[in-house]
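S.K.: I have a structure here, written as structure tokens, and I will follow up with some questions on it.
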Amino acid sequence: MRTEPTLATLLVSVAGGDRGALRSVYDRQSVRLFGVANAILRDRDAAADALQDAFLRVSERAGQFDASRGEASAWLAGIVRHAALDLARKRGRELPSDDPALGDIPVAPEALEAVAATAEGRRLRDCLAALDEKNRRGILLAFVHGLSHAQVAARLELPLGTVKAWIRRGLLQLRECLA
Numbered sequence: 001m002r003t004e005p006t007l008a009t010l011l012v013s014v015a016g017g018d019r020g021a022l023r024s025v026y027d028r029q030s031v032r033l034f035g036v037a038n039a040i041l042r043d044r045d046a047a048a049d050a051l052q053d054a055f056l057r058v059s060e061r062a063g064q065f066d067a068s069r070g071e072a073s074a075w076l077a078g079i080v081r082h083a084a085l086d087l088a089r090k091r092g093r094e095l096p097s098d099d100p101a102l103g104d105i106p107v108a109p110e111a112l113e114a115v116a117a118t119a120e121g122r123r124l125r126d127c128l129a130a131l132d133e134k135n136r137r138g139i140l141l142a143f144v145h146g147l148s149h150a151q152v153a154a155r156l157e158l159p160l161g162t163v164k165a166w167i168r169r170g171l172l173q174l175r176e177c178l179a
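Letter 75 of the sequence shown, counting from 1, is numbered 75 in UniProt numbering, and no numbers are missing.
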């Protein structure tokens with residue numbers, strides 16, 4: 001029985017120019033990553049454009065991935081997040097918001113399904129639930145909704161330094177919980 005290569009191994013192959021490895025990364029991660037882009041842009045066509053741009057970046061920057069600094073899936077999600085935010089800026093659009101007071105943060109259902117379907121996703125959900133509400137809000141707005149720290153501060157009507165501290169504390173608690 002042959003085991004599938006890990007995402008980290010595939011990224012090493014992508015860095016070496018292996019187009020088949022890039023295809024494998026796409027096949028494994030595109031649904032989840034599309035959900036990340038769609039959660040930020042809330043426009044399926046724009047999310048598809050951002051995903052395409054992100055995979056171009058992956059093909060160019062795969063050599064920059066460092067497994068000692070984090071999971072390959074998180075690295076890929078970061079690239080998609082940045083591609084989606086870049087696309088939103090380029091198009092001069094405000095990122096959509098259903099609730100300026102922050103109530104429920106809308107997330108693409110396919111993104112939640114893809115994350116919740118994994119053991120890692122369930123652990124992440126449990127760790128997020130264990131955070132203080134303020135830390136969780138900051139992290140979700142920044143990393144799921146795609147807002148900058150300044151945008152989170154404006155949305156919550158709080159000083160930027162406070163928001164940065166909340167997010168940093170929350171990320172440290174998440175890292176500890178997930179370790």
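Ideal placement from N, C-alpha and C gives every residue a C-beta, glycine not left out.
(1) Secondary structure at E4, three-state DSSP: helix, strand or coil?
(2) Spatial neighbours of G16 within its chain, please: C-beta separation below 6 angstroms, excluding the five flanking residues on both sides.
(3) Do you know how far the Cα of K164 is from the Cα of D27?
(4) S30 and L51 - do their beta-carbons sit closer together than 8 angstroms?
(5) Apart from the five residues just before and just after A153, which ones in its own chain have a Cβ nearer than 6 angstroms to its Cβ?
(6) With respect to the alpha helix (DSSP H) encompassing E133, which residues constitute its N-terminal and C-terminal limits?
(7) Taking the CB atoms as reference points, tell me whether L76 and L124 lie closer together than 8 angstroms.
(8) I'd like the span of the alpha helix (DSSP H) that includes V144, first residue to last.
(9) Buried or exposed for D53, going by 16 or more other Cβ atoms inside 10 Å?
(10) When you compare each of P5, A39, S13 to L141 by their alpha carbons, which one comes out closest?
(11) Mapping the DSSP letters down to three states, classify F65 as helix, strand or coil.
M.R.: Answer, in terms of the structure:
(1) One-based indexing of the sequence shown puts residue 4 at position 4. Three-state result, E4: coil.
(2) The count along the sequence shown starts at 1 and reaches residue 16 at position 16. If we look at G16 and ignore the five residues flanking it on each side, it has no Cβ neighbours.
(3) The count along the sequence shown starts at 1 and reaches residue 27 at position 27. The count along the sequence shown starts at 1 and reaches residue 164 at position 164. So the two alpha carbons sit approximately 35 angstroms from each other.
(4) Translated into the one-based positions of the sequence shown, residue 51 becomes position 51. Translated into the one-based positions of the sequence shown, residue 30 becomes position 30. Their beta carbons are under 8 angstroms apart, which means L51 touches S30 by this criterion.
(5) Translated into the one-based positions of the sequence shown, residue 153 becomes position 153. Taking A153 as the centre and dropping the five residues before and after it, the same chain places the C-beta of L160, V163 closer than 6 angstroms to its C-beta, in chain order.
(6) Translated into the one-based positions of the sequence shown, residue 133 becomes position 133. Element bounds for E133: 133 to 139.
(7) Numbered from its first residue, the sequence shown carries residue 76 at position 76. Numbered from its first residue, the sequence shown carries residue 124 at position 124. Between L76 and L124, the C-beta spacing is not below 8 angstroms.
(8) Translated into positions along the sequence shown, residue 144 becomes position 144. Annotation: V144 is outside any alpha helix (DSSP H) and is labelled neither H nor E by DSSP.
(9) Residue 53 sits at position 53 when you count from the first residue of the sequence shown. Of the residues assessed, D53 falls on the buried side of the cut-off, its CB having 16 or more other CB atoms within 10 angstroms.
(10) Working through the sequence shown from its first residue, we reach residue 141 at position 141. Considering only P5, A39, S13, the residue with the shortest C-alpha distance to L141 is A39.
(11) Here residue 65 refers to the residue found at position 65 of the sequence shown. Residue state, collapsed to three classes: coil.
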